[in-house]
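Asks: Quick one: structure below, then a few questions.
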Amino acid sequence: MITALVPASVDPIDDDALHRIYAYPGTDRPTGPRTDSPTDRPYVRFNFIAAADGGATSGGLSAGLGNDGDQRIFAVLRRLADVVLVGAGTVRAEGYEGDLVDDDARAWRSASGLAPHPAIAVISGSLDLDPAAGFFRSAPVRPVILTSRDAPAERRRALAAVADVVPCGPYTVQVPAILAELGRRGLTKVLCEGGPSVLGGFTRADAVDELCLSISPLLAGGDGPRISAGASPSVPVALTLSSLLTEDGALYALYRRATLYRRAD
Ligand SMILES: NC(=O)c1ccc[n+]([C@@H]2O[C@H](COP(=O)([O-])OP(=O)(O)OC[C@H]3O[C@@H](n4cnc5c(N)ncnc54)[C@H](OP(=O)(O)O)[C@@H]3O)[C@@H](O)[C@H]2O)c1
């Protein structure tokens with residue numbers, strides 16, 4: 000049973016309450032379009048899980064860290080999103096094959112006026128992704144690959160058969176161009192599921208609006224990554240705690256950036 004520590008409540012948190020807690024800011028209902036826009040780009044929510052010792056993986060994957068409450072929140076976040084965005088490293092490590100949401104979620108999304116399935120977008124500079132992989136074969140919607148104009152032409156041609164391959168920058172993939180592309184597609188509620196390099200890159204670009212962080216009551220040990228990687232931003236991004244839920248010793252924090260009006264570009 001999930002309960003709330005911040006704001007404190009003795010009532011168990013059901014799915015309706017989760018929808019309200021995790022509604023994207025600027026929406027007048029959990030599935031509504033964003034009617035105000037603190038920035039003129041899509042709203043960027045990250046979702047990560049970490050062990051109590053800071054490890055972002057157990058046995059090389061994040062799946063070993065989760066519990067039932069984390070899975071419930073994970074599913075709610077996907078229900079509410081226009082697009083699930085991931086780095087190529089996470090797709091290579093975790094597969095990301097098949098549906099991102101289950102039958103109930105698709106029905107719920109359709110009844111709420113959303114596309115039955117969220118879009119899926121992958122960031123990759125190298126395009127080192129196999130077009131024959133299950134990720135593409137069983138994708139419920141045509142994936143979008145966000146790359147640079149400098150990406151290997153042959154790989155771009157091969158992937159164009161199974162995905163929309165979109166340049167987002169001349170030599171490197173640039174965060175403002177990624178967000179502009181998602182915005183052009185009407186995908187304004189972004190759920191980024193990692194991995195660490197993507198969070199690091201978006202933090203440097205000052206384009207992280209929210210971090211949903213599950214802390215698992217585990218010592219993962221080992222040399223696994225933490226949830227963010229790469230060079231530091233010039234200034235750390237200040238966050239405020241919007242809510243804190245708990246179940247079975249796990250903590251589910253929802254952090255929002257302290258100043259919503261700073262721009263990504
Ligand atoms: N704990 C969690 O919640 C969680 C969540 C997600 C992932 N993970 C774990 O994290 C590990 C993967 O880490 P990772 O850092 O490799 O994953 P990642 O951030 O998903 O992927 C990194 C890759 O994404 C592409 N990329 C990201 N930002 C880019 C940019 N600005 N420009 C160009 N390319 C960019 C590059 O792909 P190319 O190499 O194709 O150019 C880069 O190698 C896995 O073990 C996974 O299980 C944990």
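Under numbering that gives the first Met the number 0, the very last position in the sequence shown is 264; numbers go up by exactly one each time.
Even for Gly, the Cβ is constructed at its ideal location relative to N, Cα and C.
#1: If I measure Cβ to Cβ from leucine 84 and keep anything under 6 Å in the same chain, skipping five residues before and after, which residues do I get?
#2: Near leucine 17, what residues of its chain come up, given a Cβ to Cβ distance below 8 Å and the 5 sequence neighbours on each side ignored?
#3: Mapping the DSSP letters down to three states, classify arginine 262 as helix, strand or coil.
#4: Quick one: Cα of arginine 183 to Cα of alanine 160, how far?
#5: Near arginine 44, what residues of its chain come up, given a Cβ to Cβ distance below 6 Å and the 5 sequence neighbours on each side ignored?
#6: What does a CB cutoff of less than 7 Å around serine 123 pick up in its chain, not counting 5 residues either side in sequence?
#7: How do the stretch 46-61 and the stretch 213-226 stand: do at least 3 beta-carbon pairs fall below 8 Å, yes or no?
#8: For phenylalanine 337 and aspartate 101, I'd like the C-alpha separation in whole angstroms.
#9: Would you mind working out which of Asp127, Val140, Gly94, Asp129 sits nearest histidine 116, comparing C-alpha positions?
#10: Assign leucine 186 to one of two classes, buried (16 or more other C-beta atoms within 10 Å of its C-beta) or exposed (fewer than that).
#11: Work out the CA separation of isoleucine 214 and threonine 68 for me, nearest whole Å.
Replies: Based on what the coordinates show:
#1: Here the question's residue 84 lines up with position 85 in the sequence shown. Closer than 6 Å at Cβ, skipping near neighbours: Ala120, Val189, Cys191.
#2: By 1-based counting over the sequence shown, the position of residue 17 is 18. So the qualifying residues of the chain are Ile1, Arg71, Ile72, Val75.
#3: Sequence index remark: in the sequence shown, residue 262 carries index 263 (1-based). Interpretation of arginine 262 is limited by its pLDDT of 46, a score under 50 that renders its predicted location unreliable; the figure taken from the coordinates is listed afterwards. It is coil, neither helix nor strand.
#4: Mapped onto the sequence shown, residue 183 falls at position 184. Mapped onto the sequence shown, residue 160 falls at position 161. Straight-line Cα distance between these residues: approximately 22 Å.
#5: Your numbering for residue 44 matches position 45 in the sequence shown. Only Leu190, Glu209 meet the Cβ criterion.
#6: Here residue 123 refers to the residue found at position 124 of the sequence shown. The beta carbon of serine 123 sits closer than 7 Å to the beta carbons of Ala87, Ile144, Thr146 from its chain, once the five residues preceding and following it are set aside; these are given in chain order.
#7: At 8 Å Cβ cutoff, the stretches touch.
#8: In the structure as shown, the chain begins at 0 and stops at 264. Residue 337 is therefore absent and cannot be evaluated.
#9: For this step, residue 116 is matched to residue 117 along the sequence shown. Closest by alpha carbon: Val140.
#10: Counting from one through the sequence shown, the residue named residue 186 turns up at place 187. Leucine 186 is buried by the Cβ-count criterion.
#11: For the purposes of this step, residue 68 is taken as residue 69 along the sequence shown, with counting starting at 1. For the purposes of this step, residue 214 is taken as residue 215 along the sequence shown, with counting starting at 1. The question names threonine, but residue 68 in the sequence shown is glycine. Straight-line Cα distance between these residues: approximately 11 Å.
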